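Numbered by mature numbering (1 follows the signal peptide of the UniProt record, and there is no 0), the letters in the sequence shown go through residues -21 to -1, 1 to 399 in order.
Glycine included, C-beta positions come from ideal geometry on N, C-alpha and C.
Keep in mind the model is a prediction, meaning the values are calculated, not measured.
Everything below concerns the one structure shown next.
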Amino acid sequence: MPSRRAWIGGAAASVAAAVLAAPQVRAQAQPSVLVVGGGFAGASCARALKQLDRDLAVTLIEPEADYLACPFSNAVLAGLRGIEAQTFRYDRFSDVRLIRRRAVAVDAERRRVRLDDGTDIGYVRLVLAPGVDLRFDALPGYDEAAAEIMPHAWKAGAQTLLLRDQLTAMPDGGVVILSAPANPFRCPPGPYERASLIAHYLKTSKPRSKLIILDAKDAFSKQRLFEAAWLELYPGLIEWVPLSSGGRVTEVDPATRTLVTEFGSHKAAIANVIPPQRAGKIAQSAGVADQTGWCPIDPVTFESRLQPSIHVIGDAAIGGAMPKSAFSANAQAKACAAAVAALVRERQPVPPKLINTCYSLVAPGYGISIAGVYQPRAGLLAEVEGAGGTSPLEAPPSVRELEAAYAQDWFRTITNEVFG
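Below, the structure written as structure tokens:
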């Protein structure tokens, strides 16, 4: 752990130095930079752009009045946290122009963004941070109507509360089934943190119940740590069914809450279906998403490999080895902002070194993490060998408690930085 934290600290200092090294230029021209999407990536980028160059005309386009954060939303499902603790407003962006409309189209050739009220806005550089869309066409039987019966809860808000209320109402002895998708998707450890916290709720409130994970993969993030914790905390409560044992869900029947796999079918009292995902809709309109549904980018500038002058950050981007997480989104946003601030002033961007840490709660006061450091190599963001790592597999309760506290501290710090 000390060597990992030392590497992370060094990488953080590298990013901070790159940001602070950019001069505060005051010029007559005010290049217009548009940022679409007000999540951890977009909001972070808009703030960083203004900090780097106060004379940039920075506009954040975001239709929602509130942002509902996904990190820690699994704790809401287990009754450990209220949804209000996940809710953040956009009323502290005084130095950034905020447009409360939805961006619906991009004319890359003319460098214009059209809004849902029919108006359009020009840009010198455009940053897209659209997050993910759920692929309701990817799983037979699962659509938006089905999600009202078998919630995904993969976008925090009403779906989170729906799944929480279903868990509360379920009689003791019911079977909860969680369906996890194949890679890539937002927050690779997320389904397994969710399974852990639902198991905590079942253990303490409905001890005759069981949770089954039907997985489209044979391995998952922090697997050894999660499985060791499940054996310690929830013996016999969680069953993980991997791809090779028939875990991939091929069809669902919302009317009977049945999930069908290649090996058979499973009937649930509660079914939490996390479907495959892709970059948010505006990425398709802008022509920055490829056949995978995700957006290939230059790892130095985050500029699209498909459309010039458009940058893509956060969950929508193909980040090489860098996972899709709020921590990654915030780090990418700052690196992209530094690159954009340089490019609009005709300076050469500095290659970034980026960090990511994913914390997961397995139970109250029990945290685990995985961390990595990434830098551009061979056209992708590649992991710096030996710079990351996971929590120790064998650790006393005091270490797990400390990691849970680190997770809380990280969430408070990042949300305060991004939303004020």
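Range of the contiguous beta strand (DSSP E) that encloses residue i
i: PRO355; result: 345 to 356
i: GLN256; result: 256 to 258
i: HIS131; result: Note, HIS131: premise wrong, no beta strand (DSSP E); not H, not E.
i: VAL220; result: 217 to 220
i: ILE177; result: From DSSP, ILE177 is part of no beta strand (DSSP E) but of the alpha helix (DSSP H) over 169 to 184.
i: LEU157; result: 154 to 159
i: PHE67; result: 66 to 68
i: LYS332; result: Element bounds for LYS332: n/a, residue is neither H nor E.
i: SER223; result: Per DSSP, SER223 belongs to no beta strand (DSSP E) and is neither H nor E.
i: GLY101; result: 99 to 101
Assigned exposure category for residue i - 16 Cβ within 10 Å defines buried
i: ARG379; result: buried
i: ALA44; result: exposed
i: ARG68; result: exposed
i: THR240; result: buried
i: ASN335; result: buried
i: SER304; result: buried
i: PHE242; result: exposed
i: GLU186; result: It is Pro, not Glu, that sits at residue 186 in the sequence shown. Burial call: exposed.
i: ASP70; result: exposed
i: residue 401; result: Here the chain comprises residues numbered -21 to 399, so residue 401 is not present and cannot be evaluated.
i: ASP388; result: exposed
i: THR394; result: buried
i: SER158; result: buried
i: GLY18; result: buried
i: SER348; result: buried
i: ARG165; result: buried
i: GLU282; result: buried
CB contact flag (residue i, residue j, <9 Å)
i: ILE276; j: ALA20; result: no
i: ALA295; j: TYR345; result: no
i: VAL267; j: PRO355; result: no
i: GLN138; j: ALA126; result: yes
i: VAL83; j: ILE261; result: yes
i: VAL329; j: ALA321; result: yes
i: CYS337; j: PRO302; result: yes
i: PRO170; j: ILE253; result: yes
i: LEU193; j: GLY153; result: no
i: PHE398; j: ALA22; result: yes
i: PRO233; j: ILE156; result: no
i: LYS182; j: LEU212; result: yes
i: LYS201; j: ASN162; result: no
i: SER184; j: TRP209; result: no
i: ALA386; j: THR369; result: no
Where the alpha helix (DSSP H) containing residue i begins and where it ends
i: GLN387; result: 376 to 398
i: VAL319; result: 305 to 323
Whole-number beta carbon distance between residue j and residue i, since they are thought to touch under 8 Å
i: VAL12; j: ALA108; result: Not really, about 12 Å apart at Cβ, beyond 8 Å.
i: ARG57; j: ILE191; result: Per the sequence shown, the amino acid found at residue 57 is Ala instead of Arg. Between ILE191 and ALA57 the Cβ distance is about 17 Å, and since that is not below 8 Å, they are no contact.
i: PHE390; j: PRO168; result: With 8 Å as the limit, PHE390 and PRO168 do not qualify as a contact, their Cβ atoms being about 15 Å apart.
i: VAL111; j: SER264; result: So it is not a contact: roughly 15 Å between Cβ atoms.
i: LEU113; j: PRO130; result: Not a contact, Cβ separation roughly 11 Å.
i: LEU105; j: HIS290; result: 7 Å
i: ALA87; j: GLN286; result: 5 Å
i: ALA300; j: LEU360; result: 6 Å
Any chain D beta carbon closer than 9 Å to residue i
i: ALA57; result: Included in the structure is just one protein chain, with no chain D present.
Any non-hydrogen atom of the ligand COA within 8 Å of residue i CB
i: PRO160; result: Judged by which ligands are present, the structure shown has none, so any question about the ligand COA falls away.
- Query: Looking at C-beta atoms only, is the number of pairs between the segment 35 to 51 and the segment 76 to 92 that lie closer than 8 Å three or more?
  - Reply: yes
- Counting Cβ pairs closer than 8 Å, one from the segment 305 to 319 and one from the segment 127 to 135, do we hit at least three? no
- Message: Closer than 8 Å is the cut-off here; do at least three beta carbon pairs connect the segment 248 to 263 with the segment 212 to 225?
- Response: no
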